[in-house]
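> Take any residue in the sequence shown, note its place counting from 1, add 1326, and you have its number in my numbering.
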Amino acid sequence: MSGAINQASSAIHSVRTPLDLADLEAFPANPTPGHPNEATRGEEITHFLAERHDAAVNGSAFAAADQVGINAQNQYRAERGQSPVLSQAMTGTTDAAGNPIARFTYADGTHEDIAIAPNASVARIAPSIVAFT
Ligand SMILES: [Zn+2]
1327 MSGAINQASS AIHSVRTPLD LADLEAFPAN PTPGHPNEAT RGEEITHFLA ERHDAAVNGS
1387 AFAAADQVGI NAQNQYRAER GQSPVLSQAM TGTTDAAGNP IARFTYADGT HEDIAIAPNA
1447 SVARIAPSIV AFT
């Protein structure tokens, strides 16, 4: 479990904050044609459910609970023929509007960049700025 994964995941969610449904809705229900590895709403919901369950039942801190979430997320992706998520890390860069970029890196060498608008509590995902290799 790398710190980078925690950092990016914290930008989108935390086991200690309410889940923002608008963040989930920013993800598509299905991958966009031509982008088979695109992160989807279903895998994010799977991640949250597994993570929150682990935190509630086992009292896991963020890193451990997040890894349980990633494992469940990758099971979901495997069932849909998608490459596993290796990392979800902040790149340290921003888009033209100044939104920090989180990069989802997949095992097959592709990646997806997601701009996260600064927000006092839960960050927003800007789907229009999602980019792919
Ligand atoms: Zn998580």
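Virtual Cβ for every residue (Gly too), placed ideally from N, Cα, C.
In chain order, what residues of the same chain lie with their CB nearer than 7 Å to the CB of residue 1365, ignoring the 5 residues before and after it?
Taken in chain order, the residues that qualify are 1353, 1430 and 1438.
> CB residue 1427 to CB residue 1419, shorter than 8 Å?
Result yes, Cβ atoms of residue 1427 and residue 1419 sit closer than 8 Å.
> Going by the DSSP bridge assignment, what does residue 1428 pair with across the sheet?
According to DSSP, which records beta bridges pairwise, residue 1428 is partnered with 1416 and 1440.
> With respect to 7 Å, is the separation between the Cβ of residue 1434 and the closest non-hydrogen atom of ligand 1 below this value?
Not under cutoff, so the answer is no.
> Find out if the Cβ-Cβ distance for the pair residue 1355, residue 1373 is shorter than 8 Å.
For residue 1355 and residue 1373, no; Cβs fall outside 8 Å.
> Could you name the residues that DSSP lists as bridge partners for residue 1411?
In the DSSP output, where bridge partners are listed per residue, residue 1411 has 1432.
> Hey, residue 1408 and residue 1363 are a contact pair by Cβ (cut 8 Å); roughly how many whole angstroms apart?
The pair is a contact, with the Cβ atoms about 5 Å apart (cut-off 8 Å).
> Residue 1421 by DSSP, collapsed to three states: which one?
Note: residue 1421 maps to coil in three-state DSSP.
> Could you give the DSSP three-state label for residue 1366: helix, strand or coil?
Three-state result, residue 1366: coil.
> Hey, would you say residue 1369 sits closer than 8 Å to residue 1403, going by beta carbons?
Yes, these two residues count as a Cβ contact at 8 Å.
> Answer yes or no: the CB of residue 1395 versus the heavy atoms of ligand 1, is any distance below 7 Å?
Because some heavy atom of ligand 1 lies under 7 Å away, the Cβ of residue 1395 counts as near it: yes.
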